[in-house]
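These protein sequences, in sequence, are chains A and B.
Taking this note's numbering, the leading residue of the first sequence gets 194, the next gets one more, and so forth.
Taking this note's numbering, the leading residue of the second sequence gets 0, the next gets one more, and so forth.
The beta-carbon is built from N, C-alpha and C at its ideal position, and this holds for glycine as well.
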Amino acid sequence: GENVEQHPSTLSVQEGDSAVIKCTYSDSASNYFPWYKQELGKRPQLIIDIRSNVGEKKDQRIAVTLNKTAKHFSLHITETQPEDSAVYFCAASRWGYSTLTFGKGTMLLVSP
Amino acid sequence: DAGVTQSPTHLIKTRGQQVTLRCSPKSGHDTVSWYQQALGQGPQFIFQYYEEEERQRGNFPDRFSGHQFPNYSSELNVNALLLGDSALYLCASSLDRERRSNEKLFFGSGTQLSVL
């Protein structure tokens, strides 16, 4: 089955800096790669996603890049703010949007 | 428009007991998936229900079973609870991918199960 590795496990940045979280996947047939943000005690919320026919996608301060050949995808957050502090999960799927394999998460801490 | 709702929010059980968790999908959604999230880990797929049938299943033992009702709501049942079953159980809903390929997966806030 699919295996998703996520790095780093924790990431501390100063407000205004950029943050990058990287994931690798094992199943070359995976075709959908979402990113979820989970604040303490709250539900995971989808923040951005990308399909395998696209190399990059941006939404304001958030961008995701995908390298199908290397089976890597990354989340980029620019101009970080304290409210960006949360755990971020990457995921991959080959069967559609609901059967996701998640990484172990990255705790992002943004200091004022 | 209500999102995905789960009940109860917290539950304490002892080893060997049985538990039932409930989920109502987001309005308009017809597919329900269940995930287990252990402390400090990412969610792990348990199974998915569509048209009242289990459509896909992850690597979980038969102690984990489920049901979907005609109104699309769902239950997760766990028998013979083990200490290792302590986790946050997340329900997520979506619209069947064959009909609306741009629909996303929406999560509920989860049920925190503690097995003592």
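Asked                                                                                                                              : Found
Nonlocal neighbours in the same chain, by C-beta distance under 8 Å from residue 36 of chain B, ignoring five residues either side : 42, 43, 86, 87, 88, 89 and 109
Validate contact between the segment 243-255 of chain A and the segment 217-231 of chain A using beta carbons, cut 8 Å, 3 pairs    : yes
Beta carbon proximity, residue 83 of chain B to chain A, threshold 8 Å                                                             : no
Neighbour list for residue 282 of chain A in chain B, Cβ cutoff strictly below 7 Å                                                 : 41
CB of residue 294 of chain A within 8 Å of CB of residue 201 of chain A, strictly                                                  : no
Chain B within 8 Å of residue 237 of chain A, Cβ atoms only                                                                        : yes
Pair within 8 Å by beta-carbon distance, residue 278 of chain A and residue 259 of chain A                                         : no
Residue 306 of chain A at chain B interface by Cβ criterion, 8 Å                                                                   : This structure gives no information on residue 306 of chain A, because the portion of chain A shown stretches from 194 to 305.
Sub-8 Å separation of residue 208 of chain A and residue 304 of chain A beta-carbons                                               : yes
Through-space distance from residue 58 of chain B to residue 220 of chain A, alpha-carbon basis                                    : 17 Å
Counted within 10 angstroms of its Cβ, other Cβ atoms place residue 237 of chain A as buried (16 or more) or exposed               : buried
DSSP bridge partner residues for residue 242 of chain A (one or two, in chain order)                                               : A/227
Beta carbon proximity, residue 297 of chain A to chain B, threshold 8 Å                                                            : yes
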